[in-house]
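Taking the working numbering, I'd label the letters of the sequence shown as residues -16 to 174.
For glycine and all other residues, C-beta sits at the position ideal for the given N, C-alpha and C.
Read through the structure below, which is laid out as structure tokens, and then see the notes.
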Amino acid sequence: MYGLISQALEDYVRRGFGERAWNEVRGRAGFGEEDLFVSMESYPDELTFRLVQAATEVLHQSAAQVLEAFGEHWVLYTAQEGYGEMLSMFGTSLQEFLVNLDNLHSHVALTFPDLRPPSFEVERIPGAAQSLLLHYRSERTGLAPMVVGLLRGLGKRFSQEIRVQRLERGAADDHDVFRIDIIETTGAPRG
Ligand code: 1MF
């Protein structure tokens, strides 16, 4: 994954838990103080997962907890780190943004060809205008909890109160599905 992901994880741990917690995570993951991730460079996924694993140990949280909180942080972080304008181009509401998310990844991949983006498909639920099903397909396994956090982060970004459920996965299912209920929209959407 691009180094931007590891930088966002570092930012999440530092801001939420302090410099010492981050140093502990970095050390446990086997990185020295001189090792740094370059945002525009692509690294083996294994390095990123090592950081997540170390964070679970240092923060005494499950992988699902770390990934969910990190997913929420990612939305804030990328908006602050120079991608706010790009994010704004792809929607001013949660629904619109999710419909456009594959386009956003295609856009990023034009410049960063090593991107291995997941794919998101929005399915409307007949008779439930404020609800939708989100189909998530990825080359990577285990990141569904991060998607829950990403959705919560988007809810905050667009000032939409949402409920997110990851649906039970049947034996025949090859991907994860999330049900999103939009409870209310407060204030003016950002963008
Ligand atoms: O393969 C990758 O390196 C990769 C990196 C980030 C693939 C996807 C993503 C983004 N994605 C992370 C979870 C991946 C889960 C999975 O693989 O199953 C989050 C997608 C997302 C979902 C909901 C809301 C917002 C989301 O992301 C918005 C986004 C997506 C990509 C970027 C920024 C915001 C991005 C921008 C530049 C990149 C890489 C990703 O590369 C850089 C970085 C710095 C300088 C130059 C290029």
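{"Query": "Ser142 (DSSP reduced to helix, strand or coil)", "Result": "coil"}
{"Query": "Asp164 beta carbon less than 8 Å from that of Arg152", "Result": "no"}
{"Query": "Distance CB(Ile108)-CB(Leu117) smaller than 8 Å", "Result": "no"}
{"Query": "Nearest-angstrom Cα separation, counted from Phe20 out to Arg(-3)", "Result": "15 Å"}
{"Query": "Beta-carbon separation (whole angstroms), Glu68 vs Gly136, contact threshold 8 Å", "Result": "So it is not a contact: roughly 17 Å between Cβ atoms."}
{"Query": "Short Cβ contact (8 Å threshold) for Leu59 with Val49", "Result": "no"}
{"Query": "Per-residue DSSP class, three states only, for Asp159", "Result": "strand"}
{"Query": "Option in Leu134, Tyr(-15), Thr75, Leu(-8) with minimal Cα separation from Ser25", "Result": "Tyr(-15)"}
{"Query": "Any 3 or more C-beta pairs closer than 8 Å across the segment 125 to 132 and the segment 79 to 88", "Result": "no"}
{"Query": "Cα-Cα separation between Arg149 and Thr61, rounded to whole angstroms", "Result": "24 Å"}
{"Query": "Alpha-carbon spacing of Asp156 relative to Glu16, whole angstroms", "Result": "43 Å"}
{"Query": "For Leu126, the nearest candidate out of Tyr66, Ser142, Phe53 (CA to CA)", "Result": "Phe53"}
{"Query": "Backbone secondary structure at Gln148 - three-state DSSP", "Result": "strand"}
{"Query": "Thr39 beta carbon less than 8 Å from that of Ser(-11)", "Result": "no"}
{"Query": "Among Asp18, Pro27, Phe141, Arg120, the one whose alpha carbon lies nearest that of Val105", "Result": "Arg120"}
{"Query": "Residues sharing a beta bridge with Thr39, DSSP", "Result": "In the DSSP output, where bridge partners are listed per residue, Thr39 has none listed."}
{"Query": "Cut-off 7 Å between Cβ atoms - residues of its own chain near Leu34, not counting five sequence neighbours on either side", "Result": "Ser(-11), Leu(-8), Val8, Ala12"}
{"Query": "Start-to-end residues for the alpha helix (DSSP H) that takes in Phe0", "Result": "-14 to 0"}
{"Query": "Within 8 Å, strictly: CB atoms of Glu144 and Thr169", "Result": "yes"}
{"Query": "Leu81 vs Gly138 beta-carbon contact at 8 Å", "Result": "no"}
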